[in-house]
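In what follows, a single structure is set out as structure tokens and then discussed.
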Amino acid sequence: MTDTNKPETEAELSGVTPRRRPKADVLEVGGRKLSPSTLMMGHAFDPALSEGSLKPPIFLTSTFVFENAAAGKRHFEGVTGKRPGGADGLVYSRFNGPNQEILEDRLGIWDEAEDALVFSSGMSAIATLLLDGKTVGRHYAGPNWEHIDGSAVAGKAIGNAPGATPKDIPWLKLEVTSHRGSGILSAVTTVQRINTQGGKLDGGCDGAGKFQSAPYSADYVFLRKG
0 MTDTNKPETE AELSGVTPRR RPKADVLEVG GRKLSPSTLM MGHAFDPALS
50 EGSLKPPIFL TSTFVFENAA AGKRHFEGVT GKRPGGADGL VYSRFNGPNQ
100 EILEDRLGIW DEAEDALVFS SGMSAIATLL LDGKTVGRHY AGPNWEHIDG
150 SAVAGKAIGN APGATPKDIP WLKLEVTSHR GSGILSAVTT VQRINTQGGK
200 LDGGCDGAGK FQSAPYSADY VFLRKG
């Protein structure tokens with residue numbers, strides 16, 4: 000027997016009013032696909048959601064209102080990955096915001112990509128760990144990997160293989176040397192860095208003490224015994 004009273008949508012689960020969505024974008028006129036340069040003028044923005052403003056206003060807020068504290072807690076857990084299902088709406092500008100979402104949508108159109116992500120800095124883009132398009136942790140020198148559930152590992156390289164091109168950093172096999180916290184990374188014994196793109200520096204340094212970085216992307220595989 001099916002329980003017809005069981006909540007199914009996020010709005011029903013949290014008891015909040017569903018987020019208003021922008022009107023559907025017009026991607027073609029008279030059967031002719033609009034070019035990215037044309038779509039940049041108004042894509043992903045609905046004036047009705049911003050007091051009729053023709054162009055997107057600059058939103059200076061860092062936080063957003065929820066109908067109750069329980070709804071805010073549930074939403075925050077969803078957007079940070081602490082519970083499955085994600086979250087629909089705005090919670091904190093470090094995660095998302097109106098201007099950021101418009102920019103991401105327009106960059107996706109410009110590059111003819113499925114989606115796009117915008118970060119606050121180049122280093123945050125390099126250090127962020129993503130799974131299915133969602134931020135799940137960070138990676139930084141050590142090397143260290145931290146998951147949003149609080150678990151973390153450190154490792155040391157025990158093997159390597161050349162990248163696909165001379166501009167790509169090597170693939171690595173790393174042995175986990177220490178664990179912190181309890182969570183998804185607690186039982187990991189080996190980390191593999193594969194599918195690297197970029198990261199190689201060309202030429203000499205500008206001078207002693209100068210900092211230089213080279214962005215790269217890679218897939219990290221976390222393995223455990225058994």
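When you line the sequence shown up against numbering that gives the first Met the number 0, it's residues 0 to 225, in that order. Virtual Cβ for every residue (Gly too), placed ideally from N, Cα, C. In this text the structure is predicted, and so the values were computed from the model without any measurement.
Check                                                                                                                                                            : Outcome
Could you tell me which whole beta strand (DSSP E) segments of length 3 or greater appear in the region 160–189?                                                 : 170–179
Run through DSSP, which three-state label would residue 217 get?                                                                                                 : strand
Out of 95, 79 and 41, which has the shortest C-alpha to C-alpha gap to residue 63?                                                                               : 95
The alpha helix (DSSP H) that contains residue 103, what's its start and end?                                                                                    : 97–109
Alpha carbon to alpha carbon, how far is residue 197 from residue 214? Give it in angstroms, no decimals.                                                        : 6 Å
Exposed or buried, residue 118, counting other C-beta atoms within 10 Å across all chains shown (16 or more means buried)?                                       : exposed
Decide if residue 195 is buried, meaning its Cβ has at least 16 other Cβ atoms within 10 Å, or exposed.                                                          : buried
Sorted by chain position, which residues of the same chain lie with C-beta nearer than 6 Å to residue 144's C-beta, five sequence neighbours on each side aside? : 138 and 152
Which two residues bound the contiguous alpha helix (DSSP H) that contains residue 72?                                                                           : 68–78
Does the region 167–183 come close enough to the region 200–208 that 3 or more CB-CB pairs lie under 8 Å?                                                        : no
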